[in-house]
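Novice: Protein chains in written order, with UniProt numbering: chain A, 1 to 199; chain B, 1 to 199.
Note that the Cβ used here is the ideal one computed from N, Cα and C, for glycine as well.
Since the model is a prediction, treat every value here as computed from it, not as a measurement.
2 protein chains.
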Amino acid sequence: MAGLREQKKAETRKAIIDAAVQLFSNKGFEKTSIEDIATVAGIGKATVYTYFSAKVDIFLTYCDDELEGAFSELATKQSRASDLHEQLLEFFMIMFRFVTRDREFGRQLMRATSFPEEANPALKEHNKYYFDFLENIFRSAAQRGEIATGQDYYYLSAHVFSLYFAALAGFYGGYSETAEDVENGLSIFFRQFIDGIKP
Amino acid sequence: MAGLREQKKAETRKAIIDAAVQLFSNKGFEKTSIEDIATVAGIGKATVYTYFSAKVDIFLTYCDDELEGAFSELATKQSRASDLHEQLLEFFMIMFRFVTRDREFGRQLMRATSFPEEANPALKEHNKYYFDFLENIFRSAAQRGEIATGQDYYYLSAHVFSLYFAALAGFYGGYSETAEDVENGLSIFFRQFIDGIKP
DNA sequence: TTAAAATCTCGAATGCGGTCGAGTTTAGCA
DNA sequence: TGCTAAACTCGACCGCATTCGAGATTTTAA
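#1: Output the distance between the C-alpha atoms of A19(B) and V40(B), rounded to the nearest integer angstrom.
#2: Determine the chain A residues that contact P199(B) at a beta-carbon separation under 7 angstroms, and present them in chain order.
#3: Below 6 angstroms CB to CB, which residues in the same chain sit around E104(B) once its five sequence neighbours on both sides are set aside?
#4: Can we say the region 131-140 of chain B touches the region 151-171 of chain B, given the rule of at least three CB pairs closer than 8 angstroms?
#5: Which residues bound the alpha helix (DSSP H) around F98(A)?
#6: Pairing CB atoms from the region 135-147 of chain A with CB atoms from the region 170-183 of chain B, are three or more of them under 8 angstroms?
#7: Strictly under 8 angstroms for the Cβ-Cβ distance: is A122(A) near chain B by that measure?
#8: Rounded to whole angstroms, what's the CA-CA distance from S72(A) to E125(A)? Just pull it up for me.
#9: Please tell me whether I194(A) and L89(A) are closer than 8 angstroms, where the distance is taken between their beta carbons.
#10: Does the beta carbon of G196(A) sit closer than 8 angstroms to a beta carbon anywhere in chain B?
#11: Excluding the five sequence neighbours on either side, which residues of its own chain have a C-beta within less than 8 angstroms of the C-beta of L67(B), listed in chain order?
#12: How big is the Cα-Cα spacing for G69(B) and F92(B)?
#13: Given a cut-off of 8 angstroms on the beta-carbon distance, is the pair G44(A) and A15(A) in contact?
#14: Measuring only the C-alpha atoms, how far is Q108(B) from A148(B)?
#15: Using the Cβ count rule (16 or more neighbours within 10 Å means buried), how would you classify residue 200(A)?
#16: Would a C-beta distance cut-off of 8 angstroms place A141(A) and L123(A) closer than the cut-off?
#17: Measure the alpha-carbon distance for Y51(B) versus P116(B) and round it to whole angstroms.
#18: Grab the span of the alpha helix (DSSP H) containing R111(A) for me, first residue to last.
#19: Please classify A166(A): is it buried, with 16 or more other beta-carbons within 10 angstroms of its beta-carbon, or exposed?
#20: Could you say which of E183(A), R144(A) and F189(A) lies nearest to S82(A) if we only look at CA atoms?
#21: I17(A) and Y49(A) - do their beta-carbons sit closer together than 8 angstroms?
#22: Look at the alpha carbon of Y164(B) and the alpha carbon of N120(B), and state the distance between them as a whole number of angstroms.
#23: For the alpha helix (DSSP H) that contains Y192(A), what are its first and last residues?
#24: Among the residues of its own chain, which have a CB less than 7 angstroms from the CB of K55(A), if the five just before and after it don't count?
#25: Where does F131(A) fall in DSSP's three states?
#26: Identify whether R8(A) lies in helix, strand or coil by the three-state DSSP scheme.
#27: My parser needs the alpha helix (DSSP H) runs of 4 or more residues fully inside the region 11-84 of chain B; what are they?
#28: Does the separation of the CB atoms of H159(A) and Q7(B) fall below 8 angstroms?
#29: If distances are taken between C-alpha atoms only, which option among E146(B), L168(B) and T76(B) comes closest to S114(B)?
#30: Could you check whether the Cβ of K27(A) sits closer than 7 angstroms to any heavy atom belonging to the ligand ZN?
#31: Which whole-angstrom value describes the C-beta separation of A38(B) and T47(B), a residue pair presumed to lie in contact below a C-beta threshold of 8 angstroms?
#32: Rounded to whole angstroms, what is the Cα-Cα separation between G150(B) and D36(A)?
#33: Expressed to the nearest angstrom, what Euclidean distance is found between the alpha-carbon atoms of T100(B) and F190(B)?
#34: For M1(B), which residues from the same chain have a beta carbon less than 7 angstroms from its beta carbon, with the 5 sequence-adjacent residues on both sides left out?
#35: Would you identify the three-state DSSP class for M1(B), choosing helix, strand or coil?
Here you go:
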């Protein structure tokens, strides 16, 4: 009868995530209590903590799964973007749409990513993926002669990544309302980045 | 006897900030409770909320107060001599040094302000202060002919601000060790920003 | 088969941020 | 000076995340 407990655990774990995701999208992260989640999942409140070490971890686990989806979309999608500016915009808008599919999703993800209390290995892995992807974009732009060669790709990637963060912060801070607003903002940022701001 | 209340209020306010800063440096933001602060400040817990609307506001206010002096000095100094790149670097390094005076302090501050759980008016005010300052830097750079005119100063400010965030994230993520490393990173970012990255 | 060890469960307890409202102090004016 | 309105103070309270601990269930090994 080995594995009975394992199997139950997997079911309970899934029940918690399902309940949490459902409640989070209905009521939002803040308004959803652990007790709500436990009740919907059909378990006791304290039992949740056998599976997740904190409320936010439930959400990050879900985020993690979702991001896998975003990356696979990126990998399969044939890029129609021709120049660097378009490529950057396309890349980040795919990420943006994914991350803000549910508003809370993006916010918590950003909180966990930007100045984490504890390092989260899964998220670090994701960031590395972003950076690798970006470095490839820059490498090919350099090959096409669109940008100067001999630049540190790491700093270029970090630069555009930070602009993406700024766009997201604007979205969550109430400065931009729609995805279109965000796209316009990003477009301006990338123009500045590529062309510089001199006369 | 006019101003008696005003004076007391100012004293209490200062007592709260002092207590908070002291406790925070010792125990960290999370571990310091409002009650601790109230006790050290010699007042009741609820009274803290007459002066500050939330725990983070105490720290934001402290930062605003401390940085105000540094910046007004900077404002008068900066009009002469240096160019945009240097001015930006100077501005952000003052902020960086202040914020990382105590390492934990900086991390907590960033956590509290980057993707807040709920919109916070005081936080908006706080950020607006820095943006206004940056806009002035850009305005005078435009007047000197250093950068193209007709650009949206708001986007320029947001751009450099996001680079500062990236540098800080790098510092807390373990990518740069010393203040000097951070300054070098920022310098590279600002060069990219000003000059663009084309061949 | 069985009994000890390991693990899981969950109601109860803890601690904290934040609010309430009754009591107190001050300001302003007659 | 006396009186009222406005503003301040703080103990008590609320809701919620997280931890405790004691009892239930499952695994392991002989």
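Specialist: Once the coordinates are examined:
#1: Position 19 of the second sequence, counted from the start, is the residue given in the question as residue 19(B). Position 40 of the second sequence, counted from the start, is the residue given in the question as residue 40(B). Distance between the alpha carbons of A19(B) and V40(B): 6 angstroms.
#2: By one-based count along the second sequence, residue 199(B) stands at place 199. Under the 7 angstroms cutoff, chain A gives G145, I147 and A148.
#3: Here the question's residue 104(B) lines up with position 104 in the second sequence. Same-chain partners within the cutoff: G28.
#4: Enough Cβ pairs lie closer than 8 angstroms, so yes.
#5: By 1-based counting over the first sequence, the position of residue 98(A) is 98. Taken as a continuous stretch (DSSP letters only), the alpha helix (DSSP H) holding F98(A) covers L84 to V99.
#6: The region 135-147 of chain A is not in contact with the region 170-183 of chain B.
#7: Counted from its first residue, the first sequence places residue 122(A) at position 122. Cβ-Cβ to chain B under 8 angstroms: no for A122(A).
#8: Along the first sequence, one-based indexing puts residue 72(A) at 72. Along the first sequence, one-based indexing puts residue 125(A) at 125. Their Cα atoms are separated by approximately 15 angstroms.
#9: Stepping through the first sequence from its first residue, residue 194(A) is reached at position 194. Stepping through the first sequence from its first residue, residue 89(A) is reached at position 89. Not in contact: I194(A) and L89(A) (Cβ atoms no closer than 8 angstroms).
#10: Locating residue 196(A) in the first sequence gives position 196, where the first residue counts as 1. It does; some Cβ of chain B falls within 8 angstroms.
#11: Taking the first residue of the second sequence as 1, we reach residue 67(B) at position 67. Setting aside the 5 residues that flank it on each side, L67(B) is surrounded in the same chain by I94, M95 and F98, each with a C-beta closer than 8 angstroms to its C-beta; the list follows chain order.
#12: By one-based count along the second sequence, residue 69(B) stands at place 69. By one-based count along the second sequence, residue 92(B) stands at place 92. Taken atom to atom, the span from the alpha-carbon of G69(B) to that of F92(B) is near 15 angstroms.
#13: If you number the first sequence from 1, residue 44(A) lands on position 44. If you number the first sequence from 1, residue 15(A) lands on position 15. The Cβ atoms of G44(A) and A15(A) do not sit closer than 8 angstroms to each other.
#14: Your numbering for residue 108(B) matches position 108 in the second sequence. Your numbering for residue 148(B) matches position 148 in the second sequence. Those two C-alpha atoms are separated by around 37 angstroms.
#15: Nothing can be reported for residue 200(A): it is not among the residues displayed for chain A, which extend from 1 to 199.
#16: Within the first sequence, numbered from 1, the residue matching residue 141(A) stands at position 141. Within the first sequence, numbered from 1, the residue matching residue 123(A) stands at position 123. No; because the gap between Cβ atoms is not below 8 angstroms, this pair is not in contact.
#17: For this step, residue 51(B) is matched to residue 51 along the second sequence. For this step, residue 116(B) is matched to residue 116 along the second sequence. Separation of Y51(B) and P116(B) (C-alpha to C-alpha, rounded to the nearest whole angstrom) is 21 angstroms.
#18: Here residue 111(A) refers to the residue found at position 111 of the first sequence. In the DSSP assignment, R111(A) falls within the alpha helix (DSSP H) that extends over R103 to S114.
#19: For the purposes of this step, residue 166(A) is identified with residue 166 of the first sequence, where counting begins at 1. With 16 or more other Cβ atoms within 10 Å, it is buried.
#20: Residue 82(A) sits at position 82 when you count from the first residue of the first sequence. Comparing alpha carbon positions, the residue from E183(A), R144(A) and F189(A) closest to S82(A) is R144(A).
#21: For the purposes of this step, residue 49(A) is taken as residue 49 along the first sequence, with counting starting at 1. For the purposes of this step, residue 17(A) is taken as residue 17 along the first sequence, with counting starting at 1. Cβ distance not < 8 angstroms, so Y49(A) and I17(A) don't count as in contact.
#22: As a position in the second sequence, residue 164(B) is number 164, starting the count at 1. As a position in the second sequence, residue 120(B) is number 120, starting the count at 1. For Y164(B) and N120(B), the distance between alpha carbons rounds to 21 angstroms.
#23: As a working mapping, residue 192(A) is identified with position 192 in the first sequence. Note that residue 192(A) is Gln in the sequence shown, not Tyr. Taken as a continuous stretch (DSSP letters only), the alpha helix (DSSP H) holding Q192(A) covers A179 to D195.
#24: Taking the first sequence and counting its residues from 1, one reaches residue 55(A) at position 55. These residues qualify, in order along the chain: I34.
#25: The residue given as residue 131(A) occupies position 131 in the first sequence. It is helical.
#26: Mapped onto the first sequence, residue 8(A) falls at position 8. Per the sequence shown, the amino acid found at residue 8(A) is Lys instead of Arg. Note: K8(A) maps to helix in three-state DSSP.
#27: If you keep only unbroken alpha helix (DSSP H) runs of at least 4 residues inside the region 11-84 of chain B, you get 34-41, 48-51 and 55-78.
#28: Position 159 of the first sequence holds residue 159(A). Position 7 of the second sequence holds residue 7(B). No, Cβ-Cβ distance for H159(A) and Q7(B) is not below 8 angstroms.
#29: One-based indexing of the second sequence puts residue 114(B) at position 114. Out of E146(B), L168(B) and T76(B), the CA that lies nearest to the CA of S114(B) is found in L168(B).
#30: Within the structure as shown, the ligand ZN is missing, as the structure has no ligands at all.
#31: Start at 1 with the first residue of the second sequence, and residue 38(B) comes out as number 38. Start at 1 with the first residue of the second sequence, and residue 47(B) comes out as number 47. Indeed, because the Cβ distance is near 7 angstroms, the residues count as touching under 8 angstroms.
#32: Translated into positions along the second sequence, residue 150(B) becomes position 150. Translated into positions along the first sequence, residue 36(A) becomes position 36. Those two C-alpha atoms are separated by around 53 angstroms.
#33: The residue given as residue 100(B) occupies position 100 in the second sequence. The residue given as residue 190(B) occupies position 190 in the second sequence. Rounded to whole angstroms, the separation of the alpha carbons of F190(B) and T100(B) is 21 angstroms.
#34: For the purposes of this step, residue 1(B) is identified with residue 1 of the second sequence, where counting begins at 1. Here M1(B) scores only 43 on pLDDT, less than 50, and its place in the model should not be relied on; the value that follows carries that caveat. Taken in chain order, the list of residues that qualify is empty.
#35: Indexing the second sequence from 1 puts residue 1(B) at position 1. Its pLDDT being 43, under 50, M1(B) is placed unreliably in this model, and the value from its coordinates should be taken loosely. Note: M1(B) maps to coil in three-state DSSP.
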